[in-house]
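Protein chains in written order, with the numbering used here: chain D, 152 to 224; chain U, 3 to 170.
Backbone N, C-alpha and C fix where the C-beta goes; we use that ideal spot for every residue, glycine too.
Scroll down for the structure; my scribbles are underneath it.
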Amino acid sequence: MPNPTRIEVNCTTGEVLEIELTDAEVAELAYQAELAADAKAEDDRIAAERAVAKAALLERLGITADEAALLLG
Amino acid sequence: MPTFTQIGSAVVVGSGGQATISFTTIPSTYTDLVIKISARTNLGSSVVDGLGVSFNTGGTYTVRRLYGAGSGTPASDTTNSAPFTTASTATASTFGNAEIYIPNYAGSTAKSFSVDGVSENNATAAYAGLMAGLWSGTAAITQINLTSGSAANFVEHTTAYLYGVSNA
């Protein structure tokens, strides 16, 4: 299976080239994808923790999210 | 009065998709540069993807981006992945769009840049954001690379245009 390609526009000549990525470039892309996935998983974990903590606080206070918004508004 | 001149050729991604869009050998004859991009990526399980922006080679990037996700509190972080392009689970055939502005790109000091972008989605989860950045390189910018922030591929019909701004 061929590697993904990149498109390159030479702004001086106007030439447009479609170039197959090297194996090193593909590996770098895969590494960047892994980093991005890790970062997204961490963001999702933090968001989930905040949602749980918020629900627990509202329950302790005995008010709804709308009522909390009224208090803070 | 400032004038916009298209540089090079318009990029229209074909059916195979593209991992990277590069504008190379950019002449130093303008004051500023502007890129306008309409993009969607094949990033799975997501309505949104970032737009990676880099110049020439090397150097470091210091950025701050602010974005809203359609609900909840807007967020801020330092990821060099501009908001935003549309990804695979967003409404079919919709594309995000962004404008990248690079003032004084041919100067001999570090280069600032800013990005204003939105994703598209016919649902609550749609993103809008701004990013301000500084690239440490002191050479004139002669190459700009655009990538998916998640190393996905730009899909067919993604388009990008580069403009030179004179007398800005």
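Cβ neighbours of V13 of chain U within its own chain (closer than 7 Å, five residues either side excluded): I23, T161, A162. For a cut-off of 8 Å, the C-beta gap from A127 of chain U to V49 of chain U is around 5 Å, short enough to register as a contact. Taking 8 Å as the cut-off, the Cβ atoms of P4 of chain U and V117 of chain U do not count as close.
At a cut-off of 8 Å between beta carbons, I197 of chain D makes no contact with chain U.
Residue environment for K113 of chain U: buried (at least 16 other C-beta atoms within 10 angstroms of its C-beta).
The beta carbon of L164 of chain U falls within 8 Å of a beta carbon belonging to chain D, placing the residue at that interface. Annotation: Cβ neighbours of V13 of chain U in chain D (cutoff 9 Å, chain order): I158, V160, V167.
Here the C-alpha atom of T164 of chain D lies approximately 53 Å from the C-alpha atom of R201 of chain D. Judged by their CB atoms, L136 of chain U and L68 of chain U are not nearer to each other than the 8 Å cut-off. Taking 9 Å as the Cβ-Cβ cut-off, the region 171 to 199 of chain D approaches chain U at L172, E176, V177, E179, L180, A181, Y182, Q183, A184, E185, L186, A187, A188, A190, K191, D194, A198, given in chain order.
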